[in-house]
Amino acid sequence: MNSDFEWQFGGWLRQLPVGVAWGILGLVTLVGLVAIVLLYRRTLRKLPQGSRVALTVLRVALLLVLCVVLANPSRVSRPPDDANKNGRHLAVIVDRSGSMYTVDNRNETRLQNAVKLWKTHTGEAVLAFDAVDHYRFATKLEKVAGLDEAIQGGGPGTETQLWRALRAAMADSPAGIVTLTDGLDTSGHDANQVITEAQARGIPLYFVPGMNRSRPGNLLAIRDVKTPSTVLRLSKFNASAILEISSPRDRDVPVALWSGSKMLAQATLHARPGWNVLPWTPEVSSGEPGALPLEFRLGEGVEQETAASVTQVVEHTSVEILYYQGALQWGYRFLRGALESDQSFKLTSILNPALGVRITASAGTTLEDLPDNAGDLKRFQIVILAHVLADQLSAKQQQALVDYAKGGGGVLFIAPDSEATNRFAGTPLEEMLPIVFERSDESPEQREAEAFQAKMQQAFESSGQDAALADGAGGGTGPQLVPFQVPQGSESIFKANMPVPMFSNYARVASAKPAAEILAVHPTERTADNAPRILLARQQFGAGFTAAMATDLLWRWKMSLPSDSRAPETFWQQLMLSLVPGVTGGEGMRIVKQSSTAAVNRGTSLIVTGAPAADPPVIVAIPPAGQTLTLTPVASPDGWQASFTPNVQGRWELMATDSKGNRASMSLPVQSDVVTAENSNAPPDVEGLRHIADATGGAVIGSDPVFQPQDTTPAAGTEAKIIQPMWNQSWLLALLLGLYVVELITRRVMRLL
Amino acid sequence: MVKGSDWHPFRSIRTALLLLALTPLLLLPASAQQDPDALRPEAVGWARLKTPSEWWRRHSTGDPTLMQFLRDNTTLNIDPQWYVADVESLPQLCTYPLVFSQGIHMLDTSTSKTNLAEYMRRGGFLLIDSCINSSITPDPDVFLQQQIAMLGEIIPEATIEPLPPDHDVYKIFFQFPDGKPPHTFMDNIYDPKWDKYGLFGIMIGNRMVGMISLSGLQCGWDRMIAPPGHDIECMKMLVNIYIWAMMQGGDTASARGQ
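Just so you know, the sequences run in chain order A and B. 232 is the number of the first residue of the first sequence in the working numbering; add one for each residue after it. 447 is the number of the first residue of the second sequence in the working numbering; add one for each residue after it.
Pasting the structure below:
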């Protein structure tokens, strides 16, 4: 873009040439100047010469600045002259992965099928776009000279990085992308990121599905599992598995997570026709200290696949918490006491610098204010923001919190004050929270008046309790405490038989966000939609958790309980643990296969990760029948590597045991040939492609025309440009106002007013 | 120069220019300035411990002044009115996170003793401040021993520890560089018997559950005869004690090994 300075003027002056407009404005200004000088020569009162000059100068300055503002000085940005040329180009991408070479009974490959269809549309594309660029990909996107080179150059690839290729092509900002593909992506990622990026860039995605009549196969496989190596007792954590399902038709496949003989979680995954890579991440309760074996089971009966690992549940570990307090309040004393009663919790506190409170920092605590980059928050597993106002936190600090949570941190926001929560509307912090606070249309004055009335009413109600006291109020028993109501199925942080927390103040929550887990609601108060008011909710946010508690810090509840009650401590500690994903980090030991299946008499390898680097694990391969093979682990950058050659078909079991006794296992189907996504004969995922196309404004291309020729000639008299007024600055408006105010004050002092 | 007035053109212009320079501040967004009232959280009350002593409410007339000082100098949302916390009523005690007392040595019922101990174990903070009037507290040494004895009786696990001059309570909000509380003296006559005392912490394990002062802070803020500004110094010390109590962990369960 080229930027120029221009006098744009306004109103009817804009239609005139700049010189004429300046002439008219200058003439008016000149008349004004003469009038000012004349008027100040003859004032109502006689003025000293200096004062007369000063007043004249002030008024003249005001007029001149006003004149400049009316001339509308602006910065005008125009795109370069050649920007409109070649502006609309179409990217045509050809999938060259192995699956596109699957041959059917007519000896036609999917690639040939897609090219044949696309060639019927190339004429439309030429008319509709200024240029057509060609690419090909299997693992990596490459630009080529034309369609022929895209089809013919190089051999079939062993992977299909479809989503990656689409995102790479979008970097060149084409007007549209046409992809010749069977929709098979083997990266394990989902297409949502592609859809989001295409929507953001306004790029429609078109697909030419490569189809043929080859017979698809069935396959169930667990590609990978991930579990934490250690977790705290009585905490929640996520275990995840990536599952591969190839099916010729729609299919529901059961998946379950077991610990010994106890099923911890189960689900039914829906697989579309074709190759499906599906992640499954159940939440697991850690239970009491000890080894927690975890086994994923995919499918049923003879086709069932398994993968197992072990997570160690520990009694104590360090949970580092950063506590930021926005206002002075007593809740901190009790929250701190509750957390520090368990040595697992290490609390570092920051007080809002505006409070003016100085506390000697303990060893290792060097933060004076909330950091404005996520890196400085990394050493903490949880950040608590209590009684914080939106304007206390800079945009950078709020963004740091967002990044921190996305990167795996836990953020707990505590605010019992609706007036304070109103201020968070539209901030990054509000976006990360699991709830939406209610917006109030009342003015602060109205709210203050209501609060005053409520207080007066309360005072009247409590009067007379101690009539003998002339100047001290009757003691009473303080504000009424209201118990949390825990929705069914959300008892995760509330232990059985434990008194539920009670509060005295709360902020009004309008609703929960879609992914939120509501942990507690108000027992009686309802929203306009007749839903219970949410008091406590949390949600997964990126790799971390965010939670919001719309009540006070429960100190009155603590003071209402016998001193030997551990309920407040248990509640706070459980809440904190629920916000720590994985708690201690690190992955448990697991086996990573080279491919989903193996072939008889062909070497296959595996890697064991998460085992101690110093002590090689014991790795064995157990055939369906016959003698167990003990494999030799070899250290590699990725873990302990081992290889073997299966000699019989069937389901083999791979097992690794480390020096601490941790065990991981995984089943390995051995067939006559290795089955991969590329050679599994999975049918094209046309429905998946259609979903992406519909979401981005594109289409799955068939025999009907899809592109319309476009007239790209700009309309006469129109010009692309961006006008940024330069006078619209607060300091300039302040100057105008200031000049006028000073003149008025001076005139008053001179008794001219 | 205008006749009959002391108006001076340069002075007016200087004032006008100053106004001009300040004008842009009017255009600052409201969010750029932190409204002290916006920082005030839920209200809490200031309570005096009602004991069998006839003096339990002495100097309470000065409490509204103290409350106003707290509100003016901090963002605490403290009620301007003072409240009664009857030691015979545990729910009433537990309404207030901090209770002010003239002394507890006169507690004479098991209920009152049990209540006060339970209040501190739950996390409440007890502030004892002796009145320096010789007709009420004739001997500071005896007063201190009486408090320690009563605390030892009702909370056997408690210890009383003198606070060192570099303790945070002397610098958490207002600065007391010499690490000593301001002392009020009877009839403004210096008395080393009183002056030798700093502040004492009432500890359960590593938690401070209360504080003992022999400085007559209440006498100071209630404007007994004292040097000019002494009332302010006493209120500043009280502010520091109050804020410091808020910043400490209140739970005593771990200290008792539970």
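C-beta atoms are modelled at their ideal positions from N, C-alpha and C, and glycine is treated no differently.
Residue 332(A) is bridged by DSSP to nothing; it lacks a bridge partner. Assignment of residue 617(B) by DSSP, reduced to helix, strand and coil, places it in the coil class. Any Cβ of chain A closer than 8 Å to the Cβ of residue 498(B) would place that residue at the interface, and such an atom is absent.
Excluding five sequence positions before and after residue 497(A), the CB atoms of its chain that fall closer than 6 Å to its own CB belong to 487, given in chain order.
Residue pairing by DSSP places residue 507(A) opposite 476(A) in a beta bridge. Nearest CB-CB separation between residue 671(B) and chain A: not below the 8 Å threshold. Where residue 373(A) is concerned, there is no enclosing alpha helix (DSSP H), although the beta strand (DSSP E) around it starts and stops at 373-375. Residue state for residue 610(A) is assigned as coil, using DSSP reduced to three classes. For residue 398(A), DSSP assigns no beta-bridge partner whatsoever. In this structure, DSSP gives residue 578(A) an extended state, which the three-state scheme calls strand.
Within the same chain, and ignoring the five residues on either side of residue 501(B) in sequence, the residues whose Cβ sits closer than 6 Å to its Cβ are 548, 582. Contacts with chain A at 8 Å (Cβ-Cβ) do not include residue 622(B). At a C-beta separation below 7 Å, residue 789(A) has these neighbours in chain B: 568, 569. Counting only residues of its own chain and dropping the five nearest sequence neighbours on each side, residue 838(A) has a CB closer than 6 Å to the CB of 823, 869, 870, 872. Taking C-beta separations shorter than 7 Å and ignoring five residues to either side along the sequence, the partners of residue 377(A) in its chain run 365, following chain order.
Proximity to residue 798(A) across 570(A), 534(A), 322(A) peaks at 570(A), based on C-alpha coordinates.
Judged by DSSP in its simplified three-state form, residue 532(B) adopts strand. Inclusion of residue 372(A) and residue 408(A) in the CB contact set at 8 Å is not warranted, their separation being larger than that value.
A distance below 7 Å between beta-carbons, with the five flanking residues on each side excluded, links residue 672(B) to the following residues of its chain, in chain order: 630, 634, 666. Spatial neighbours of residue 860(A) in its own chain (CB-CB distance under 6 Å, excluding positions within 5 residues in sequence) are listed in chain order as 852, 875. When the Cα atoms are used, residue 254(A) and residue 295(A) turn out to be separated by approximately 14 Å.
Among the CB atoms of chain A, one or more fall inside 8 Å of the CB of residue 617(B). Within chain B, the C-beta atoms nearer than 7 Å to that of residue 563(A) come from 692, 693, in chain order. Going by DSSP, residue 469(A) is part of the beta strand (DSSP E) stretching over 467-469. Interface flag for residue 491(A) against chain B is unset, since no Cβ pair is found closer than 8 Å. Sorting 535(A), 566(A), 621(A) by C-alpha distance to the C-alpha of residue 784(A) places 566(A) at the top.
With contacts defined as CB atoms closer than 8 Å, residue 576(A) and residue 932(A) fail to qualify as a contacting pair. About 6 Å separates the CB atoms of residue 750(A) and residue 768(A); that is less than 8 Å, so the two are in contact.
When DSSP states are grouped into helix, strand and coil, residue 802(A) belongs to the helix group. In this structure, DSSP gives residue 741(A) an extended state, which the three-state scheme calls strand. Residue 437(A) is bridged by DSSP to 409(A).
With fewer than 16 neighbouring CB atoms inside 10 Å of its own CB, residue 261(A) falls in the exposed class. As DSSP reads the structure, residue 870(A) sits in a beta bridge with 867(A).
Taking the C-beta atoms as reference points, residue 503(A) is found nearer than 8 Å to residue 918(A).
When the alpha-carbon of residue 584(B) is set against those of 594(B), 561(B), 639(B), 571(B), the nearest one is in 639(B).
Considering only beta carbons, the part of the stretch 503-526 of chain B lying closer than 7 Å to chain A consists of 503, 506, 507, 520, 521, 522, in chain order.
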